[in-house]
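There are 2 protein chains.
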Amino acid sequence: MSPEQLNRIMTKAQDVCVHSGGRLTEKRKRILELLLISDTPLSAYELADAYNAHAAASMPTMSVYRILDYLESEQLVHKLSSANKYIACSHITCSHAHKVPQFLICRECQSVKEIAIAKGIIDELGKQIVDAGYNLINSQIELQCVCENCMENAA
Amino acid sequence: MSPEQLNRIMTKAQDVCVHSGGRLTEKRKRILELLLISDTPLSAYELADAYNAHAAASMPTMSVYRILDYLESEQLVHKLSSANKYIACSHITCSHAHKVPQFLICRECQSVKEIAIAKGIIDELGKQIVDAGYNLINSQIELQCVCENCMENAA
DNA sequence: CATGATAATGATATGGTATATCATATCTAG
DNA sequence: CTAGATATGATATACCATATCATTATCATG
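Just so you know, the sequences run in chain order A and B. Counted from 1, the first sequence has number 14 at position 13 by my numbering; the numbering is strictly sequential. Counted from 1, the second sequence has number 103 at position 102 by my numbering; the numbering is strictly sequential.
Here's what the structure looks like:
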């Protein structure tokens with residue numbers, strides 16, 4: 002990710018936070034940045050380590066959890082519950098309202114791609130769910146996959 | 002769940018285990034039964050407590066994990082990774098080959114319904130995933146919902 | 001029925017994930 | 001400048017899960 006791109010994302014993230022009456026503090030900014038520049042999802046403890054590796058003052062893990070909670074509430078970060086790890090939202094600079102995210106997680110290299118699933122599919126899904134007597138609240142989906150790179154390497 | 006129904010499930014579960022060269026021991030049977038009669042998913046530690054509440058000898062949690070691993074490998078039990086809890090498969094007595102399970106989880110009462118999603122939807126999903134450069138390995142999906150009961154109670 | 005291979009369980013230690021709570025600091029608006 | 005809201009520090013604790021080595025049970029076979 003280029004510095005310019007990172008910069009643009011941070012500016013937008015700041016906007017999002019201010020708009021909802023919060024603040025994107027230095028620590029929150031740094032945690033978000035660490036997630037943005039990481040190739041793989043990170044756990045709260047890994048984030049604390051990464052933070053402390055390049056910082057004078059140390060960040061306790063508990064603060065990382067709080068910061069992640071906040072960033073999640075602003076939809077800047079998503080939690081992958083199948084891995085207990087966290088990832089930056091891929092669509093921070095998109096202006097459109099956030100859709101429910103869908104994640105393709107590579108079983109081999111842990112790379113994650115956040116995609117938007119066609120509305121038609123989600124609608125169909127919703128219909129089946131209503132038939133079963135439930136109503137969909139949040140359709141974040143985590144799909145276990147293998148990415149192209151890893152498939153080639155295996156072959 | 003009626004005793005007869007439980008009985009039928011257990012007999013089928015036994016068949017499944019024997020067929021793949023394993024055994025449905027008393028302890029495994031009891032853990033499966035506890036999951037079958039529970040209205041909500043249970044954690045490994047909750048299962049250990051439930052087991053020990055009605056047993057002379059005590060079951061260490063670590064054994065519960067091993068038993069769950071086994072039952073999962075036989076597809077008699079599923080893990081809900083969004084809740085770190087376990088649930089009995091709803092389709093043990095079905096003779097057809099197991100499909101990938103999809104779970105509707107009620108946010109309010111934690112009830113879970115295991116449904117089969119129309120093949121067409123899964124196929125569409127797979128197509129989009131290939132477009133994104135990934136290949137689907139396992140499409141177990143956990144969907145956060147509200148069930149009919151809880152919706153009525155809220156109204 | 002003795003035996004050895006395999007399957008299953010016991011027991012202990014340890015590591016990873018997450019929340020609760022109370023105290024302290026920082027920012028912002030009036 | 002100060003009160004209230006927001007954010008962070010610090011400590012304790014609970015919950016979830018795996019690793020490892022020892023022991024016991026089961027079963028096919030000689």
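In this text, a Cβ means the ideal position worked out from N, Cα and C, and glycines have one as well.
Bridge partner(s) assigned by DSSP for residue i
i               : result
Q145 of chain B : A:N139 and B:I106
K114 of chain B : B:L105
Start-to-end residues for the alpha helix (DSSP H) that takes in residue i
i               : result
Q2 of chain B   : It should be noted that the sequence gives Met, not Gln, for residue 2 of chain B. M2 of chain B -> no alpha helix (DSSP H), and no H or E assigned at all.
G23 of chain A  : Element bounds for G23 of chain A: n/a, residue is neither H nor E.
G127 of chain A : K120 to D132
Quiz item: Which runs of the alpha helix (DSSP H) spanning at least 4 residues fall entirely within the segment 40-94 of chain A, listed in chain order?
Solution: 45-54 and 62-74, all fully within the segment 40-94 of chain A.
Quiz item: Got a sec: which bits of the segment 76-96 of chain A sit with their beta carbon under 7 Å from any beta carbon on chain B, in order along the chain?
Solution: Correct list: S82 and S83.
Quiz prompt | Against chain B: residues of the segment 104-130 of chain A by CB proximity under 8 Å | solution = Hits within the stretch, in order: L105, C107, R108, K114, I116, I118, A119, G121, I122, E125, L126, Q129 and I130.
Quiz prompt | Stretch-stretch touch, CB-based, cutoff 8 Å, three pairs: the segment 71-81 of chain A with the segment 52-62 of chain A | solution = When Cβ pairs closer than 8 Å are counted between the two stretches, the segment 71-81 of chain A is seen not to touch the segment 52-62 of chain A, the count staying below three.
Quiz item: In the segment 131-149 of chain B, which residues sit with their C-beta less than 9 Å from some C-beta in chain A, listed in chain order?
Solution: If the cut-off is 9 Å between Cβ atoms, the segment 131-149 of chain B has D132, A133, G134, Y135, N136, L137, I138, N139, S140, Q141, I142, E143, L144, Q145, C146, V147, C148 and E149 near chain A.
Practice problem: Determine which residues of the segment 9-24 of chain A have a Cβ less than 9 Å from any Cβ of chain B, and write them out in chain order. | Solution: Look at the segment 9-24 of chain A: it has no residue with a C-beta under 9 Å from a C-beta of chain B.
Quiz prompt | Chain-ordered residues of the segment 49-65 of chain A with a beta carbon less than 8 Å from chain B | solution = Of all residues in the segment 49-65 of chain A, none comes within less than 8 Å of chain B when Cβ atoms are compared.
Practice problem: Give a yes or no on contact between the segment 112-120 of chain A and the segment 110-118 of chain B, applying the rule of three or more CB pairs nearer than 8 Å. | Solution: Counting C-beta pairs closer than 8 Å gives fewer than three between the segment 112-120 of chain A and the segment 110-118 of chain B, which falls short of the contact rule.
Practice problem: Decide if the segment 139-151 of chain B is in contact with the segment 68-76 of chain B; the criterion is three or more beta carbon pairs, one per stretch, under 8 Å apart. | Solution: The segment 139-151 of chain B vs the segment 68-76 of chain B: no contact.
Practice problem: Would you check if the segment 43-53 of chain B and the segment 4-11 of chain B touch, i.e. whether three or more CB-CB distances between them fall below 8 Å? | Solution: Result no; under three Cβ-Cβ pairs closer than 8 Å.
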